[in-house]
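So the structure is just underneath, and the comments pick up after that.
Numbering (our numbering), first residue to last: 1 to 402.
As structure tokens, then:
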């Protein structure tokens, strides 16, 4: 029978389609999870933007927040596109599965027609008797009887397979319909987000135009930031020189071994650290970039800036020793913590909860950052050094924390 010959092939196709379909479902779930993370961050930025609009002085941070929101909106649209692509692939597979099942239905019908035809030709009871009587021996007669039984049993199986396959087609069609509806919703969602993105881009341009009229104030802020950066650099340089001098005078093998071990432990946690504050949004990235308003001006950030809209505790990202506490002009207090050869710097703290020389644990509270008078937001500046060289802190934090 044709159905018997092709049955294994059709079943193999169905198994492959099922495996691939499950894989796509898993990928869609992962994309959906990532999308929710982006949406959560967009909501947090929106709340911060509401706060910045209440501030008496329109700041660069408002522009940075809006640009961050635009960046996330683009990521969100990309995620929606990725989900849509996965759904399209899934729909394609489901349509292929339905085609294969319909092919299987066709094979069942063909076999069933042959059996019906056989039954019609064998209605005369004497046919079976004649076949038995004309058999060469008992074994041949038995085989002929057995063959008749198999034909009639196979007929029953065909009926069962037919209805089972019809039920599977119905189930796949329902899933296909759900995915088509979901795809339609994704397309509508994308259209909405594209409109929202254009609106944010317009608002950002408006803010930039307003701030560009205050060039002298912006340049003054830049000079202030340079002073803060220089102060941190000088303190780290002084700290390294002091420690090098102290180590030269007191060579201690055990101290060096402990530092190497702590350095290795710190390095092994790359990509695993939490941000030093809860509920903050990274609005300033590491490295060189063009000024968000003064396009001809390049700015350099030795760390990252984390914006928050409420009072918050500040934590050490890893165990270590407090090596420096100092005042930064225009930026409150700063702490330097050593983790072997690595140093972490926390700037703009309004309260300190540790002392120089104190050993601290991972994620131990080291201070607080509060909102300034008349302001609705505040910024924690964080840096990560490998001795006298800066590193991009974002590489060290968990993906969802960046």
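Even for Gly, the Cβ is constructed at its ideal location relative to N, Cα and C.
Ranked by Cα distance from residue 60, the first of 361, 227, 283, 333 is 283. Assignment of residue 382 by DSSP, reduced to helix, strand and coil, places it in the strand class. Bridge partners of residue 301 according to DSSP: 287. Just so you know, the alpha carbons of residue 357 and residue 324 end up roughly 8 Å apart.
Only residues of its own chain outside the window of five on either side were considered, and among them 339, 340, 341, 342 have a CB closer than 8 Å to the CB of residue 263, listed in chain order. Of 201, 98, 102, 156, the smallest CA-CA separation from residue 72 is found for 201.
With fewer than three CB-CB distances shorter than 8 Å, the region 199-217 does not count as touching the region 100-112.
Within the same chain, and ignoring the five residues on either side of residue 69 in sequence, the residues whose Cβ sits closer than 8 Å to its Cβ are 42, 45, 46, 49, 200. Taking residue 337 as reference, the option from 360, 348, 351, 107 with the minimal CA-CA separation is 360.
Taking C-beta atoms as the reference points, residue 380 and residue 347 count as a pair closer than 9 Å. When DSSP states are grouped into helix, strand and coil, residue 347 belongs to the strand group. Non-local beta-carbon contacts of residue 274 in its own chain, meaning distances under 8 Å to residues more than five positions away in sequence, involve 315, 317, 363, 397, 398, 401 in chain order.
Here residue 294 carries a coil assignment [DSSP, helix/strand/coil]. Beta-bridge analysis with DSSP links residue 196 to no other residue. In the three-state scheme derived from DSSP, where H, G and I count as helix and E and B as strand, residue 312 is classed as strand. If the five residues before and after residue 180 are omitted, its C-beta is found closer than 7 Å to the C-beta atoms of 91, all from its own chain and listed in chain order.
Beta-bridge pairing by DSSP links residue 338 to 321, 343. When the five nearest sequence neighbours on each side are left out, the beta carbons in the same chain lying within less than 7 Å of the beta carbon of residue 386 are those of 341, 342, in order along the chain. For residue 377, the closest C-alpha among the options 311, 208, 155, 191 is that of 311. Of the residues assessed, residue 230 falls on the exposed side of the cut-off, its CB having fewer than 16 other CB atoms within 10 angstroms. In the DSSP secondary-structure assignment, residue 326 is bridged to 334.
For residue 366, the uninterrupted beta strand (DSSP E) segment begins and ends at 365-369. Pairing residue 169 with residue 105 gives a Cβ-Cβ distance under 9 Å.
Less than 9 Å divides the Cβ of residue 302 from the Cβ of residue 390. Sorting 39, 232, 220, 167 by C-alpha distance to the C-alpha of residue 333 places 232 at the top.
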